[in-house]
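In full-length UniProt numbering, the protein residues as written are 1 to 81.
Built from N, CA and C at the ideal position, the CB exists for glycine as well.
Since the structure is predicted, the reported quantities are computational estimates derived from the model, not experimental observations.
Set out below in structure tokens:
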């Protein structure tokens, strides 16, 4: 039953791709190779020689990804602070 809990319809896009409007931010915290390519070294990533994973490219079509270090709120960094 829990497996289907996240299988709702896709969220409405905040901007059409290529429209120039700002994309909705998506906080991403994961140990899966979604943001950085699996097996790529720091030098390859920093130099831009490592291609981003297809999952990241798919997410970036609809969202501006914000990599997160923690899920805990940080004083002074909350909206409106």
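Boundaries of the beta strand (DSSP E) around residue 26: 24–28. When the five nearest sequence neighbours on each side are left out, the beta carbons in the same chain lying within less than 6 Å of the beta carbon of residue 25 are those of 64 and 66, in order along the chain. In this structure, residue 40 places its C-beta atom within 7 Å of the C-beta atom of residue 50. DSSP places residue 46 within a helical segment (H, G or I) once states are collapsed to three.
At the C-beta level, residue 53 and residue 34 come within 7 Å of one another.
Taking 7 Å as the cut-off, the Cβ atoms of residue 20 and residue 68 do not count as close.
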